[in-house]
Each structure stands twice: as C-alpha cells, then as structure tokens.
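Chemist: The structure's right below; bear with me while I get my questions together.
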Amino acid sequence: MKIAISGSNGLVGSHLCDYLQAELGAEIIKIPRERLYGDAKSLAKLLDGVNVIIHLSGASILSRWTKNRKKILRDSRVETTKNLCKAVAFLKNKPDQFICTSAVGIYNNLNEHSEESKSYSHDFLGKVCIEWEQAAMEMQKLDVATSIFRLGVVLSKQGGIIQKSLPFFKLGIGGRLGSGKQQFPFIHIDDLIKVYGFVISEKSKGIYNLVAPENVNNADFTKMMAKILKRPAFCHIPSFILRLLLGEASTVLLNGQDILPNRLKKEGFEYKCLTLEQALRALI
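Per full-length UniProt numbering, the sequence shown starts with residue 1, numbered consecutively.
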C-alpha cells in the first residue's frame, strides 16, 4: 500500500508516518510543501500510483492574525486542498481514499456537537474550516472515498499545549485561561494516529470527530496537570491579557466546543486513553 502524506514533518505527520509503516506496512510518499502550491500536473506525477492521500498540511494558528497571516492560514488549508483535487483529476488510476484534516473549531461553542451537527461557528476559523471541508469534498466527485477528520486538542510531549504549558506547571505557576469554563475537547496523539489506521483498514468515509469521549473544560485540564505533577496551579491568565497578546487569535484559547465522537464509538474504535487523566499520565 502506498500512502501520500502532506505535512509529514509536523507533530501529527511525523508520528503518523512511523505508525503507518509499522502497522500497515505502508510505503510513505511525502508531499513537500512547495508541491502543494505548485503545478497540479507535477503534483499528479508524485501522486500517481498511491492508494491513499492524507492531507495534514496547515500553518500554525497560534500567532497574531494579521491580514497577511489570515491569508496564509486559509491558503495553507483551502488552496492546497483544491490543488490536490486538481492533481487527482489528472490521474488515470485514482487513489481509493482521501483523508483531509479539519478541526472541531468548525462548530460553535453554544451546543453539543456530534458529526451530524450543522451548528457551525462564523468566526474566522469556523469559516476557514467550512471552506476547507467544501474543498475536500470535491474529491468525492472524482470517485475517491473521502473522510474528514475534525481534530480536537492533540496531546503530545513533542508539541502543542503540553510542550508549551508543562514548564510552567512544573514551576507551580500553571493556571486556567480566561474563565476556565471553555470546553477542552482533547485526544492523545497515539489515539489520533490509530484512527487513521482504523479508517484506512475499514475503508470508511465521511466526517469523524477526533476527540476522546470524556467531556472536560480548561479548568479541569489545569487541575489535572497540577494533580499529576503535585504542584500548585493557582495562576490565572485573564481573558483580556490573552486578547491583548494574541488579538483575534485568542479565540482559539478562550472558546471551546462540546464534542461527541459518535462515529468512533459506534464503529467500535478502541481508545488507549478514554479520560484526560489517562492521557496526561501517559505523557507526563
């Protein structure tokens, strides 16, 4: 089996390449970033003969969103997805599956959301996710089974919130962000990459919410980090400070969605870490 992966050097991509080689015996074709933005016919040559395409590429969202940065955030997701579809259209033998990344940020923070929910967010990130998924679904018109993975907060020692916050919690100066009441839909990175293997093996398609089943908020995360590290965590970063530092991008930290991973549960996916405590103890 040949699997082409964009974003293969990122946090998820690097783990995923190793996993798919070890567990599925897959031959990995890494899609360089410049090829995603380049000529579609040239990209098609790279993709010729692959069975599965996994699209992980996307610029980091945790930075101040200037007008130029917003364009980068959008184009790195939407335009690269459109170019992949253009490239596949040139192929005589098309891949069997296309798995495109999205985010739980597509949903608003007012409701509980299963994969069937249409209560979308209309902030910048929500609109990007909507456009991103619309671009991805064009692959279905090419008779390629298409899955969209709406990722929650990925927990890993190598990056993301754990890597950034752990030094502060170890010093006893960790704390909640804003009110702490914002939902914290998480998934351990081992479970995340396992879902890719699961969906490829089952030849599934459609939308998946990639989060653990437990419902927790930012305050719960703070308390659990303090409990496991046996350190105080009384510090608090007020919302207005985050808004001053990050501007509109602060919504990533201050808004959270209540997410249900109904499809994974229904289809019998077996989690390694069902709870936040299990996930954090496996990492810290």
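We put the CB at the ideal spot given by N, CA and C, even for glycine. Computed from a prediction, not measured in an experiment: that's the story for all the values here.
What residue range does the beta strand (DSSP E) around Leu260 cover?
Modeler: On the sequence shown, position 260 is the one that residue 260 refers to. Where Leu260 is concerned, there is no enclosing beta strand (DSSP E), given that its DSSP letter is neither H nor E.
Chemist: According to DSSP, is Phe169 part of a helix, a strand, or is it coil?
Modeler: Start at 1 with the first residue of the sequence shown, and residue 169 comes out as number 169. Looking at Phe169 - three-state DSSP - the assignment turns out to be helix.
Chemist: Just tell me which of Lys265, Leu254, Leu242, Gly152 has its CA closest to the CA of Leu276.
Modeler: Position 276 of the sequence shown holds residue 276. Measuring from the Cα of Leu276, the nearest candidate turns out to be Gly152.
Chemist: Could you pull the DSSP bridge partners for Ala2 from this structure?
Modeler: Here residue 2 corresponds to residue number 2 of the sequence shown, with the count starting at 1. The question names Ala, but residue 2 in the sequence shown is Lys. Paired residue(s): Glu27.
Chemist: Which word fits Met225, buried or exposed, when buried means at least 16 other C-beta atoms lie within 10 angstroms of its C-beta?
Modeler: Numbered from 1 along the sequence shown, position 225 holds the residue referred to as residue 225. Label assigned to Met225: buried.
Chemist: Tell me Arg150's beta-bridge partners as DSSP assigns them.
Modeler: Your numbering for residue 150 matches position 150 in the sequence shown. Note: Arg150 sits in a beta bridge opposite Ser102, Asn209.
Chemist: Could you say if the region 113-133 and the region 74-86 meet the contact criterion of at least three C-beta pairs nearer than 8 Å?
Modeler: Judged by Cβ distances under 8 Å, the region 113-133 makes contact with the region 74-86, as three or more pairs qualify.
Chemist: Let me check understanding here. Comparing Cα to Cα, which of Ile3, Phe198, Ala44, Gly160 lies closest to Gln21?
Modeler: In the sequence shown, the residue the question calls residue 21 occupies position 21. Taking only the C-alpha atoms, the option nearest Gln21 is Ile3.
Chemist: Would you mind sorting Arg64 into buried or exposed? The rule is 16 or more other CB atoms within 10 Å of its CB.
Modeler: The sequence position of residue 64 within the sequence shown is 64, counting from 1. Label assigned to Arg64: exposed.
Chemist: So what's Ser119 in DSSP terms, helix, strand or just coil?
Modeler: The residue labelled residue 119 in the question sits at position 119 within the sequence shown. Coil.
Chemist: Taking all protein chains shown into account, decide if Phe221 is buried (16 or more other Cβ within 10 angstroms of its Cβ) or exposed.
Modeler: As a first step, residue 221 is located in the sequence shown; it is residue number 221 there, counting from the start. It counts as buried.
Chemist: Can you give me the C-alpha to C-alpha distance between Phe198 and Pro185, rounded to a whole angstrom?
Modeler: As a working mapping, residue 198 is identified with position 198 in the sequence shown. As a working mapping, residue 185 is identified with position 185 in the sequence shown. Using only the alpha carbons, I get a separation of about 20 Å.
Chemist: Using a 10 Å radius around the Cβ and a threshold of 16 neighbouring Cβ atoms, would you call Pro95 buried or exposed?
Modeler: On the sequence shown, residue 95 is found 95 positions in, with the first residue counted as 1. The residue in question, Pro95, is buried, as its Cβ has 16 or more Cβ neighbours within 10 Å.
Chemist: With C-beta atoms as the reference, is Ser239 less than 7 Å away from Leu254?
Modeler: Here residue 239 refers to the residue found at position 239 when the sequence shown is read from its first residue. Here residue 254 refers to the residue found at position 254 when the sequence shown is read from its first residue. Their beta carbons are under 7 Å apart, which means Ser239 touches Leu254 by this criterion.
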